[in-house]
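Undergrad: Numbering-wise (numbering that gives the first Met the number 0), the sequence shown opens with residue 0 and increments by one.
Ideal Cβ positions, reconstructed from N, Cα and C, are used throughout, including at glycine.
Sharing a structure with you now.
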Amino acid sequence: MEKLAEVVEKTGLIYQIGFNRRFWPVYKKLKSLVETGKLKSYVVDIKMVRGEMERPPWTKLSEVSGGFLYDSMIHILDLSKWILGKPETIRCVARKNVYPHFDGFVALIEFLNEEKTIESITSVGHASWVYPFERVEVYGDHSSAITEENFKLTFSHGKGDIPNVEVYQFTKLPEHVAWGFKEEDDLFIEAVAKGLKPAVTVIDAYDSVKLVESCYQSLEHSGRVVTFA
0 MEKLAEVVEK
10 TGLIYQIGFN
20 RRFWPVYKKL
30 KSLVETGKLK
40 SYVVDIKMVR
50 GEMERPPWTK
60 LSEVSGGFLY
70 DSMIHILDLS
80 KWILGKPETI
90 RCVARKNVYP
100 HFDGFVALIE
110 FLNEEKTIES
120 ITSVGHASWV
130 YPFERVEVYG
140 DHSSAITEEN
150 FKLTFSHGKG
160 DIPNVEVYQF
170 TKLPEHVAWG
180 FKEEDDLFIE
190 AVAKGLKPAV
200 TVIDAYDSVK
210 LVESCYQSLE
220 HSGRVVTFA
């Protein structure tokens, strides 16, 4: 990845990594709540699970995939820094519960943003396909936001017994829009056609790879805190 980043930087080639979570309407709405200050990201909890690690077959082959964290959790790590900013520290613990490799992870990340966000991520590969497979919860100043897959975001705020609740539904969007593929592809085509900077750069990709490697580094040392550089 480091060599790829160097080549792209030196040649000026247009390279866009497929981190489609950035283009999910549900996460774009969540990011806007954080950026506008309506939701302070003091504490974040994320769940991302797989029902099994049998299909596709390479999922359980770490020598092919690079390990479970490269399968799906790298998307969540990228999403986290996209919404919350630069990480400061990360620690990770994992277990070999069902499969012969690590298949259950818990990571704790501290961020350098104004809120000094602390975030926990739970990701397992043997959960059964229980809905929602992916869920993000952000807790602020007497407020919280909860996402359910790419379909729904609930935003609650207020100190009263009956809080103000806003519900944003994305169930009627076509799948390629709800999953972010259309906007992602449109922006890449525009970048190629007009010579623009891609929406998700090779540096974004490299930083997410470094986060994954930091998780594995922490894991190798019994959950030791790793400073993200």
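1. Assign P173 to one of two classes, buried (16 or more other C-beta atoms within 10 Å of its C-beta) or exposed (fewer than that).
2. Relative to the C-alpha of D229, which residue among K37, T146, S31 is closest?
3. Just to confirm before moving on: does the CB-CB distance between L68 and Y205 stay below 8 Å?
4. Who does R134 pair with in a DSSP beta bridge?
5. Measure the C-alpha to C-alpha separation of E183 and L195 and round it to an integer number of angstroms.
6. Cα-Cα, which of W128, K181, I202, I120 is closest to E53?
7. Taking DSSP's pairing of strands, which residues face C91 in a bridge?
8. Would you kindly report the start and end of the unbroken alpha helix (DSSP H) that includes Y215?
9. Throw me the rounded Cβ distance for the S207 and D77 pair, which I believe falls under 8 Å.
10. How far does the beta strand (DSSP E) with T116 in it extend, from its first residue to its last?
11. For K158, which option in S142, F150, K171 has the closest C-alpha, if you only look at C-alpha atoms?
12. Answer yes or no: do I75 and I108 have a C-beta to C-beta separation smaller than 8 Å?
13. CA-CA distance, K251 and F104?
14. Distance, Cα to Cα, G124 vs D70?
TA: In brief:
1. Numbered from 1 along the sequence shown, position 174 holds the residue referred to as residue 173. Counting Cβ neighbours within 10 Å, P173 comes out exposed, since fewer than 16 surround it.
2. Any question about residue 229 goes unanswered here, given that the chain covers just 0 to 228.
3. Here residue 68 corresponds to residue number 69 of the sequence shown, with the count starting at 1. Here residue 205 corresponds to residue number 206 of the sequence shown, with the count starting at 1. No; because the gap between Cβ atoms is not below 8 Å, this pair is not in contact.
4. For this step, residue 134 is matched to residue 135 along the sequence shown. Its beta-bridge partners are K46.
5. Mapped onto the sequence shown, residue 183 falls at position 184. Mapped onto the sequence shown, residue 195 falls at position 196. The straight-line gap from Cα to Cα measures roughly 14 Å.
6. By one-based count along the sequence shown, residue 53 stands at place 54. The candidate whose alpha carbon is nearest that of E53 is W128.
7. Within the sequence shown, residue 91 is the residue found at index 92, counting from 1. DSSP output for C91 lists A106 as bridge partner(s).
8. If you number the sequence shown from 1, residue 215 lands on position 216. Y215 -> alpha helix (DSSP H) spans 201-219.
9. If you number the sequence shown from 1, residue 207 lands on position 208. If you number the sequence shown from 1, residue 77 lands on position 78. The pair is a contact, with the Cβ atoms about 4 Å apart (cut-off 8 Å).
10. Numbered from 1 along the sequence shown, position 117 holds the residue referred to as residue 116. First-last for T116: undefined, no H or E at that position.
11. Within the sequence shown, the letter at position 159 stands for residue 158. Considering only alpha carbons, the answer is S142.
12. Counting from 1 along the sequence shown, the entry for residue 75 is found at position 76. Counting from 1 along the sequence shown, the entry for residue 108 is found at position 109. Taking 8 Å as the Cβ cut-off, I75 and I108 do not qualify as a contacting pair.
13. Beyond the ends of the chain as shown, which are 0 and 228, falls residue 251; an answer cannot be given.
14. Mapped onto the sequence shown, residue 124 falls at position 125. Mapped onto the sequence shown, residue 70 falls at position 71. For G124 and D70, the distance between alpha carbons rounds to 10 Å.
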